[in-house]
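Q:
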Amino acid sequence: GGFNSGDTPSRGGSSDGKPRRNYDEQTLIPVTIKMINSALGDPTGGGDLSLKDGRALHMVKLVAAVRNYEERSTNVFIDVEDGTGFTQVKVWVNEGDESSAIAQFRKEACTDHTYIRIIGQIREFDGQRQVVANDVRLVSTGNELTYHLLEVANSYERGIKMQSQPAVGGGMGFGIGNMASNAPPQGGMGVGAQGGSGGGMGGGSTLNDAVIDCIKVLGTQCDSGAHVDQITAQVSQQGFSAGDIKNAISHLSNEGHIYSTIDEDNYQYSS
C-alpha cells in the first residue's frame, strides 16, 4: 500500500469548492514526465491540461526515480525523473492524523535513487507543474517500471482507437489507463466498462456508487480507510454478491477513483 497525502480536507467535494468532476474526468491515465511537461494548457484559462492526443489530464499515474527530497512541517517535496524528464511531487502531511504505517511508507518513499509509483493530479504553481500526490509507494520490482511503460503505450493506442469510433450509448466518455481490462471498446463506453451486476462496471453504475459511498463514510472513521471486508459486508446488504463487490473495488482502484493505503485491503476515496 502507499500513504495518504491528506491533500483533501473535504471528502464530499473538491478542496477548492468546485463541483466534483464526473467519473470519466477522474479516469486514471498512465503517463511519462515528458507527457506532463509537454501537456497543453487550457486556452480558456480554466487550469485544465490536455495531452497532445486530446485526452484531458486529471488523475495520472507515473513511475519514477527519486533524485532529491525536502521534508517540511506540512508537506514533502520529492524531485523525480523517469528518463524522459524531471518533475516535482508534492505530498501533504498530517502528522497528528496519520497512522505509523503511513508515516513509514512516506519514509521509505523519501529515499534517493529508489523508484516510486505516484498517483495524483497535475497542478501549476508559479508557472511550474507539479504532481500533487494522493498515493505514493515504493516500486516492489523492476518489472513494474516496464509494465508502466507498456501501460502508457497501451493507453495511448486505446485512446486513439476510441477517438476514431463514433460515440454511442448516450455519449459517455472513454476511460484510459486500465490494462487489467481486456474487454474490447464498446461504442464510447469506458475501456473498463463490462457487463455485470449494477449496470456494468463502467463509472457511474449503481454498484460503483454504492462502493464509493461506503468508502467515503468508513474512510472518515479511520486513517487507513475502509477494509475490503467492511465494504463487502455493507454493500452486500443492497443485494450485490461478494464477487461483484470485489470486482468493483478492483475496477475503481485501477481507474483511480479509490486507492489503497496501508495494504491492498484498505482503501480511501480519491477526492
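The sequence shown runs 120 to 390 under our numbering. Ideal Cβ positions, reconstructed from N, Cα and C, are used throughout, including at glycine. Treat the numbers as computed from the prediction; the structure is a model and nothing was measured.
Counting along the chain, where does the alpha helix (DSSP H) carrying residue 156 start and finish?
A: From DSSP, the alpha helix (DSSP H) with residue 156 extends over 152-156.
Q: How many angstroms separate the CA atom of residue 209 from the CA atom of residue 250?
A: Roughly 6 angstroms separates the two Cα atoms.
Q: Which value, in whole angstroms, describes the spacing of the CA atoms of residue 368 and residue 347?
A: For residue 368 and residue 347, the distance between alpha carbons rounds to 8 angstroms.
Q: Under 7 angstroms Cβ to Cβ from residue 361, same chain only, skipping five residues before and after it: list those, please.
A: Taken in chain order, the residues that qualify are 351 and 355.
Q: Should residue 324 go down as buried or exposed, given a rule of 16 or more other Cβ atoms within 10 Å for buried?
A: So residue 324 ends up on the buried side.
Q: Output the distance between the C-alpha atoms of residue 383 and residue 180, rounded to the nearest integer angstrom.
A: Each residue's alpha carbon lies about 17 angstroms from the other.
Q: Take residue 176 as the anchor and find which of 189, 190, 192 and 155 has the nearest alpha-carbon.
A: Ranking 189, 190, 192 and 155 by Cα distance to residue 176 puts 155 first.
Q: First and last residue of the alpha helix (DSSP H) that includes residue 282?
A: Where residue 282 is concerned, the enclosing alpha helix (DSSP H) stretches over 262-283.
Q: Closest to residue 206 by CA distance: which of 232, 198 and 336 is it?
A: The shortest C-alpha separation from residue 206 is found at 198.
Q: By Cβ distance, which residues of its chain are closer than 7 angstroms to residue 167, with the 5 residues on each side in sequence left out?
A: So the qualifying residues of the chain are 161 and 175.
Q: Hey, would you say residue 256 sits closer than 9 angstroms to residue 248, going by beta carbons?
A: No, Cβ-Cβ distance for residue 256 and residue 248 is not below 9 angstroms.
Q: In the structure shown, what three-state DSSP assignment does residue 171 receive?
A: Residue state, collapsed to three classes: coil.
Q: Is residue 253 close to the ligand GDP? I mean its beta-carbon at under 8 angstroms from any heavy atom of the ligand.
A: This structure lacks the ligand GDP, and indeed carries no ligand of any kind.
Q: Does DSSP put residue 369 in a helix, in a strand, or in coil?
A: In this structure, residue 369 counts as helix in the three-state DSSP scheme.
Q: Determine the burial state of residue 236: buried for a count of at least 16 other Cβ atoms within 10 Å of its Cβ, exposed for fewer.
A: Label assigned to residue 236: buried.
Q: Just the Cα atoms here: how many angstroms apart are residue 150 and residue 193?
A: Whole-angstrom Cα-Cα distance: 27 angstroms.
Q: Should residue 310 go down as buried or exposed, given a rule of 16 or more other Cβ atoms within 10 Å for buried?
A: Only weak support exists for where residue 310 lies, its pLDDT of 33 falling under 50; the value from the coordinates is given anyway. So residue 310 counts as buried.
Q: Terminal residues of the continuous beta strand (DSSP E) containing residue 327?
A: From DSSP, residue 327 is part of no beta strand (DSSP E) but of the alpha helix (DSSP H) over 325-338.
Q: State the start and end residues of the unbroken beta strand (DSSP E) segment that holds residue 199.
A: Counting along the chain, the beta strand (DSSP E) containing residue 199 begins and ends at 194-200.
Q: Could you give the distance in angstroms between the alpha-carbon of residue 231 and the alpha-carbon of residue 185?
A: Computed Cα separation, rounded: 5 angstroms.
Q: Please report how far the alpha carbon of residue 200 lies from the alpha carbon of residue 233, in whole angstroms.
A: The alpha-carbon atoms of residue 200 and residue 233 are separated by roughly 11 angstroms.
Q: Under a Cβ-count criterion, where at least 16 other Cβ atoms within 10 Å of its own Cβ denotes burial, should residue 202 be classed as buried or exposed?
A: Classification for residue 202: exposed.
Q: Should residue 275 and residue 172 be called a contact, given that it needs their Cβ atoms to be closer than 9 angstroms?
A: The answer is yes: Cβ separation under 9 angstroms.
Q: Does the Cβ-Cβ distance between residue 238 and residue 254 come in under 9 angstroms?
A: Taking 9 angstroms as the Cβ cut-off, residue 238 and residue 254 qualify as a contacting pair.
Q: Where does residue 348 sit, in a helix, a strand or coil, going by DSSP?
A: In this structure, residue 348 counts as helix in the three-state DSSP scheme.
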